[in-house]
Amino acid sequence: MRVLILGATGGLGSALARSLKGHELFLAARSQGALWALAEEVGGKPLPVQLEDELEVQALMEEVDGVDLLLHAVGRAGRAPVRELGRDLLEGMLLSHLLTAALVLKHVRFRPGARAVFFGAYPAYVRVPGFAAYAAAKAALEAYLETARKELRREGVHLVVVRLPAVATGLWAPLGGPPKGALAPMEAAKRVLEGVLREPPPETLEL
Ligand code: NAP
């Protein structure tokens, strides 16, 4: 399989890359050093990119060309009560979860029968005090993808939304670390791949 992992330097992205070792891997994120180290470890091609920049996304997709599997493991987390919410936090959430996904779907080139995987969250877990911006970004992402799925189906592309429970990754660093009982990233990656590669592909996978 020809696989593009976006957010490859992250906790989930790097676990997905390790689990897919042996496939033709394209690894994308912003942090160059981490990308090069991972590419050496798993045998993929490192592709530094700022996914909030449309020209960079376009250039990335031209370089990668067709993919069988796209994994969008991109995002950030942050906490603020609604009475103290800064514009930067809300904009940052929408840019990193929604805009990156929209730009990727605009420019990515799929091979026939490809799958495109995005990561959502259980509404009940994230619609809690302090997480309005994160919860809103994930809800917007899911709404965007539900519509995109109907368009992409005509191209023979399957779009999968994976709702994850807590996974012990760096996403939690600004929040003081992952909660007790968070899944190990390699275990999460294993469950993600088992679910999204099954026949027929699911539309929503809840882990
Ligand atoms: P993570 O460890 O923080 O990784 C996030 C990745 O996104 C990093 O590789 C980061 O790399 C990349 N990234 C962020 N902004 C980017 C940008 N503008 N351009 C390019 N790359 C960018 O997070 P994770 O836990 O693996 O999360 C992966 C996905 O799962 C996210 O969508 C997250 O919301 C979702 N999710 C996670 C959990 C959880 O508990 N961990 C639960 C539910 C859903 P660079 O900094 O190198 O660019």
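Be aware that the sequence shown starts at 52, since it is given in our numbering, and climbs by one per residue. Beta carbons are placed, not taken as given, at the ideal position from N, Cα and C, and that holds for glycine.
- Val54 has its alpha-carbon roughly 17 Å from the corresponding atom of Lys157.
- With fewer than three CB-CB distances shorter than 8 Å, the segment 104 to 113 does not count as touching the segment 81 to 94.
- Closest in C-alpha terms to Glu206, from the list Glu245, Arg160, Ala235, Leu141, comes Arg160.
- By the C-beta density criterion, Lys201 is exposed, having fewer than 16 other C-beta atoms within 10 angstroms.
- Exclusion of the five residues before and after Leu71 leaves Val54 as the residues of its chain whose Cβ lies within less than 6 Å of its Cβ.
- In its chain, beyond the 5 residues on either side, Ser147 have a beta carbon closer than 6 Å to the beta carbon of Arg127.
- The shortest C-alpha to C-alpha distance from Ala124 to any of Lys189, Ala165, Asp116, Tyr176 is the one to Lys189.
- The segment 133 to 141 makes no contact with the segment 78 to 85; the number of CB pairs closer than 8 Å stays below 3.
- Taking 3 residues as the shortest admissible run, the segment 66 to 97 contains the following complete beta strand (DSSP E) segments, listed from N- to C-terminal end: 75 to 80.
- Across the structure, Pro251 and Arg69 are spaced so that their CA atoms are roughly 24 Å apart.
- Your pair Gly62 and Gly232 does not check out as a contact, with CB atoms roughly 16 Å apart and the cut at 8 Å.
- Secondary structure at Glu245: helix, using DSSP grouped into helix, strand and coil.
- Here the distance from the Cβ of Leu63 to the nearest heavy atom of the ligand NAP is below 6 Å.
- The C-beta distance from Leu102 to Thr60 rounds to 12 Å, too long to meet the 8 Å contact threshold.
- Counting only the Cα atoms, Gly171 lies some 10 Å from Leu196.
- Using a Cβ distance threshold of 7 Å, Val247 and Val168 count as a contacting pair.
- Straight-line spacing of the CA atoms in Ala80 and Leu57 works out to 6 Å.
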